[in-house]
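Enquirer: Input: one structure, supplied below.
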Amino acid sequence: MDTVVPQDGLRLGGHVRLAPGVYVLNEPMCVVEDGTQITGDGTTLILNDSAESALRADDLSGVTIERLRIRGGKHGIRCRRCTRLTIRGCSITATEEVPPNTVFLDIWKTEEDPYGSALLLVECSDSTIEENDLQHQQNGVLCYRCTGLVVRRNQCNYNSGFGIHLFGTSRSRFEENSCDYCCRFEPREGGLHFGHMGADAAGFLIVHGSCHNHFRRNTARLGGDGFFLAGMTPEGNLVGCDDNLFEENDGSLSPNIAFEATFSRRNVFRNNFADRCNYGFWCGYSSDFVIEGNRMLFNRQAGIAVENGKGFVVKGNTFQSNGHGVLLWSQRWLGKGTIGSETSEGWQIEGNRFLRNGIGIRIAANQDHGIRPSPAEGTTPPPR
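Residue numbers are given in the numbering used here: position 292 of the sequence shown equals residue 283, and the series is strictly consecutive.
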């Protein structure tokens, strides 16, 4: 194994040990060979604010990066079109961040202009990201159009944007990751104490056709949202996040929603925790969901809230001390031309436990948020 001294633009191949010490970089080092193994025991790379990344790998296979410490820059490690990539045991923090207490985040930013992050993966496949410390910045892992990822046992806490972000990423596994305290604040008119807590930050952000993924035993507590699936673009294009499985995750203690999943189909939520939020589950304009064996305690508005949802199976859940257990309604803001339905229908609700909720199950037509009459057509509904 060769020992090399990190420097701007260094080209890396073979089995490489980066020399221990602290090094300042203005430009990324580039991985140039398949099968390269990079080890960084005792190596810390400090990036200037203008630096794109510390390490870059494009169009390679079998690259392994281990035990490297990175601070600053836009991204810690940036990989495009790589396969069989492994990033393990690295500590990456303080990458580029939108200033706190400023803007509501854009969840639709593409890989051409992404937010800063510890790891940026674009069109990578069959790769493993495990046991990394990716805390204290805006975003932990950004995954754009990746497949076959295994992302497990990473620490992505205390980020002001997204712990783990999927954009068009499918057939991947996310297991035992910690994405707690991913939240921010957007000030609004009225003074110091007026604004939106959350501002679309989330432990897990899952958008734009991210399908057939498994999420098991992850935590996304105290986030703007816990798990946030969005299947319609601001332009009204349907890009559902379908056929995903969520088991034994915890999205509790959000000021907003533990599990939000809109304009999507056939997702399964089983044995998750969704406690002490505004809503445990918010699944508007979605269809054929299974919500089974979950715990929803002390949510202010509802354990499950769905407008214009079709074909849901809700069974074996515990609803305790929520404003509503299940809140199910129809409303007409988007019209049937959007998704083919102006109502909620075809639900199966059975074998659930309802304890000390304000209302166990409420089913209503032409409602705003399920609790009041819809405003007149042509007006804008209030926010959640």
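Just so you know, even glycine gets a beta-carbon here, dropped at the ideal spot from N, CA and C.
Nothing here was measured: the structure is a model prediction, and the numbers come from that model.
Run the CB neighbour count on Gly242, radius 10 Å, all protein chains shown included, and call it buried at 16 or more, exposed below.
Expert: Counted from its first residue, the sequence shown places residue 242 at position 251. Label assigned to Gly242: buried.
Enquirer: What do you get for Phe185, buried or exposed, if any count of 16 or more other CB atoms within 10 angstroms of its CB means buried?
Expert: Translated into positions along the sequence shown, residue 185 becomes position 194. Phe185 should be labelled exposed.
Enquirer: May I have the straight-line CA-CA distance separating Ser462 from Asn17, to the nearest angstrom?
Expert: An answer regarding residue 462 cannot be provided, because it is not within the stretch -8 to 375 covered by the chain.
Enquirer: What's the call for Thr(-6), buried or exposed, on a 16-neighbour Cβ count within 10 Å?
Expert: The residue you call residue -6 lines up with position 3 of the sequence shown. Per the 10 Å Cβ criterion, exposed.
Enquirer: For Glu336, which beta-bridge partners are listed by DSSP?
Expert: Along the sequence shown, read from residue 1 onward, the residue named residue 336 stands at position 345. DSSP output for Glu336 lists Lys301 as bridge partner(s).
Enquirer: Can you tell which of Val259, Arg175, Leu229 has the C-alpha that lies nearest to the C-alpha of His203?
Expert: Working through the sequence shown from its first residue, we reach residue 203 at position 212. Shortest Cα-Cα distance from His203 to any of Val259, Arg175, Leu229 involves Val259.
Enquirer: How close, in whole Å, do the beta carbons of Asp171 and Gly200 come, if the pair is a contact with beta carbons under 8 Å?
Expert: Here the question's residue 171 lines up with position 180 in the sequence shown. Here the question's residue 200 lines up with position 209 in the sequence shown. Actually they are not in contact, since the Cβ atoms of Asp171 and Gly200 sit about 27 Å apart, beyond 8 Å.
Enquirer: Counting only runs of 3+ residues fully inside the segment 205 to 273, write out the beta strand (DSSP E) ranges in chain order.
Expert: 205 to 207, 216 to 221, 236 to 238, 248 to 253, 259 to 261, 270 to 273
Enquirer: Which value, in whole angstroms, describes the spacing of the CA atoms of Glu180 and Phe95?
Expert: Numbered from its first residue, the sequence shown carries residue 180 at position 189. Numbered from its first residue, the sequence shown carries residue 95 at position 104. Approximately 14 Å between the Cα atoms of the pair.
Enquirer: For Phe185, which of helix, strand or coil comes out of DSSP?
Expert: As a position in the sequence shown, residue 185 is number 194, starting the count at 1. Of the three classes helix, strand and coil, the one that applies to Phe185 here is coil, per DSSP.
Enquirer: Can the beta-carbon of Asp191 be found less than 8 Å from the beta-carbon of Gly215?
Expert: Counting from one through the sequence shown, the residue named residue 191 turns up at place 200. Counting from one through the sequence shown, the residue named residue 215 turns up at place 224. For Asp191 and Gly215, yes; Cβs fall inside 8 Å.
Enquirer: Am I right that Gln129 and Gln146 are in contact with their C-beta atoms under 8 Å? What's the rounded C-beta distance?
Expert: As a working mapping, residue 129 is identified with position 138 in the sequence shown. As a working mapping, residue 146 is identified with position 155 in the sequence shown. Not a contact, Cβ separation roughly 15 Å.
Enquirer: Drop a sphere of 10 angstroms on the beta-carbon of Thr34, count the other beta-carbons inside from all chains shown, and report buried for 16 or more, exposed for fewer.
Expert: Start at 1 with the first residue of the sequence shown, and residue 34 comes out as number 43. Per the 10 Å Cβ criterion, buried.
Enquirer: Can you tell me which residues form a DSSP beta bridge with Ile352?
Expert: As a first step, residue 352 must be located in the sequence shown, where it is residue number 361. Answer by DSSP bridge pairing, in chain order: Val317.
Enquirer: Apart from the five residues just before and just after Leu46, which ones in its own chain have a Cβ nearer than 7 Å to its Cβ?
Expert: The sequence position of residue 46 within the sequence shown is 55, counting from 1. Closer than 7 Å at Cβ, skipping near neighbours: Pro19, Met20, Val22, Ile56, Ile68.
Enquirer: Just list the residues that DSSP pairs Ala293 with in beta bridges.
Expert: The residue labelled residue 293 in the question sits at position 302 within the sequence shown. Per DSSP, Tyr270.
Enquirer: Considering only residues of the same chain and omitting the five flanking positions on each side of Thr224, which have a CB-CB separation below 7 Å?
Expert: In the sequence shown, the residue the question calls residue 224 occupies position 233. The beta carbon of Thr224 sits closer than 7 Å to the beta carbons of Trp99, Val230 from its chain, once the five residues preceding and following it are set aside; these are given in chain order.
Enquirer: Drop a sphere of 10 angstroms on the beta-carbon of Ala10, count the other beta-carbons inside from all chains shown, and report buried for 16 or more, exposed for fewer.
Expert: Here residue 10 refers to the residue found at position 19 of the sequence shown. With fewer than 16 Cβ atoms within 10 Å of its Cβ, Ala10 is classed as exposed.
Enquirer: In the DSSP output, which residue or residues are listed as bridge partners for Ile68?
Expert: Along the sequence shown, read from residue 1 onward, the residue named residue 68 stands at position 77. Answer is Leu46, Leu110.
Enquirer: What does a CB cutoff of less than 7 Å around Gly159 pick up in its chain, not counting 5 residues either side in sequence?
Expert: Numbered from its first residue, the sequence shown carries residue 159 at position 168. So the list reads Tyr135, Arg136, His199, Gly200, Ser201, once near-sequence residues are dropped.
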